[in-house]
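K.L.:
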Amino acid sequence: MKNKMVKFIPFVIMASFLMTGCNQNTSNTTAAIKPAVTTQAQKPMGPKYKGKISGKSNKAKSISIVVGKDKEAKTIMVKFDDNTKGVEHASKGHAAIIFYEMRDGQPWATIIKPKLAKLPQDVTEIKTDELKSLIDSKADYTLIDARPAKRYASSHIPGAISIDTKAYKDKAASLLPTDKNKLLLIYCGGPT
Numbered sequence: 000m001k002n003k004m005v006k007f008i009p010f011v012i013m014a015s016f017l018m019t020g021c022n023q024n025t026s027n028t029t030a031a032i033k034p035a036v037t038t039q040a041q042k043p044m045g046p047k048y049k050g051k052i053s054g055k056s057n058k059a060k061s062i063s064i065v066v067g068k069d070k071e072a073k074t075i076m077v078k079f080d081d082n083t084k085g086v087e088h089a090s091k092g093h094a095a096i097i098f099y100e101m102r103d104g105q106p107w108a109t110i111i112k113p114k115l116a117k118l119p120q121d122v123t124e125i126k127t128d129e130l131k132s133l134i135d136s137k138a139d140y141t142l143i144d145a146r147p148a149k150r151y152a153s154s155h156i157p158g159a160i161s162i163d164t165k166a167y168k169d170k171a172a173s174l175l176p177t178d179k180n181k182l183l184l185i186y187c188g189g190p191t
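Note that the sequence shown covers residues 0 to 191 in numbering that gives the first Met the number 0.
#1: Does any heavy atom of the ligand PLP sit closer than 6 angstroms to the C-beta of A145?
#2: Cutting at 8 angstroms between CB atoms, please list the residues of its own chain near K51, excluding the five before and the five after it.
#3: Kindly confirm or deny that the region 66-83 and the region 120-136 touch, where touching means at least three C-beta pairs closer than 8 angstroms.
#4: According to DSSP, is L182 helix, strand or coil?
#5: Residue ranges of each alpha helix (DSSP H) run of no fewer than 4 residues wholly in the region 119-152, ordered along the chain?
#6: Using a Cβ-Cβ cutoff of less than 8 angstroms, which residues in the same chain neighbour Y48 once the five nearest sequence positions on both sides are dropped?
#7: Please name the residue or residues paired with A94 in a DSSP beta bridge.
#8: Would you identify the three-state DSSP class for S154, choosing helix, strand or coil?
#9: If we call anything under 7 angstroms between Cβ atoms a contact, is A148 one with S161?
#10: Using 7 angstroms as the threshold, is the C-beta distance between A89 and I62 below it?
#11: On a Cα-Cα basis, can you pick out the residue from K112, H155, Y151 that is closest to E87?
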């Protein structure tokens, strides 16, 4: 039963890419399937907006964020100041979480974090130095580049195979390892 479930892990990972897309933030992280390890970062308390950044003005010190979906979507203007942490995560077109406090009836950002897709169960994030160690030690793994084929063609980590989300259904069965216990390392253009 467990072996049958393990076979679905790559499909779950690629499905998460299809649903959330690959954030184009170039962070130094890679996802790796390992035995179940869960970690939870402390979450800041307070009200927050989650959505896509539609604009940022450093001169006016304001951020526009679209919250809600479809007909309920609305754009909210949030001010920031020199005490706001994580302003670099407010990039137009990227998803973010803005924790805020109200001042004179207007929301002021206190902390801005990138809104990341949740990794599937049994998937953990590794840092670039961990990946380099695996490469240097010639560990037994399969490295998958999940970015669009054009990005793979322009540059990729040596040894990586290209399985982008559009080609996944056609290519995955022939390119993924038959040994379902083999370590899979997957990277895209974003932190997840």
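Cβ atoms here follow ideal geometry from the backbone N, Cα and C, with glycine treated the same way.
The structure presented is a predicted model; accordingly, all values stated were derived computationally and were not measured.
P.N.:
Taking the structure as given:
#1: The model on display carries no ligand, and the ligand PLP is accordingly not part of it.
#2: As a position in the sequence shown, residue 51 is number 52, starting the count at 1. Cβ neighbours of K51 beyond the five flanking positions: I64, V65, G92, H93, A94, A95.
#3: Not touching, per the Cβ criterion.
#4: As a first step, residue 182 is located in the sequence shown; it is residue number 183 there, counting from the start. L182: strand per DSSP, three-state reduction.
#5: 127-135
#6: Indexing the sequence shown from 1 puts residue 48 at position 49. I64, V66, I75, V77, I96, I97, Y99, P106.
#7: Reading the sequence shown from its first residue, position 95 is the one you call residue 94. BP columns for A94 point to K51.
#8: As a first step, residue 154 must be located in the sequence shown, where it is residue number 155. Coil at S154, not helix or strand.
#9: Position 149 of the sequence shown, counting from 1, holds the residue named residue 148. Position 162 of the sequence shown, counting from 1, holds the residue named residue 161. Taking 7 angstroms as the cut-off, the Cβ atoms of A148 and S161 count as close.
#10: Your numbering for residue 89 matches position 90 in the sequence shown. Your numbering for residue 62 matches position 63 in the sequence shown. Contact: yes.
#11: Taking the sequence shown and counting its residues from 1, one reaches residue 87 at position 88. That would be K112, whose Cα lies nearest to the Cα of E87.
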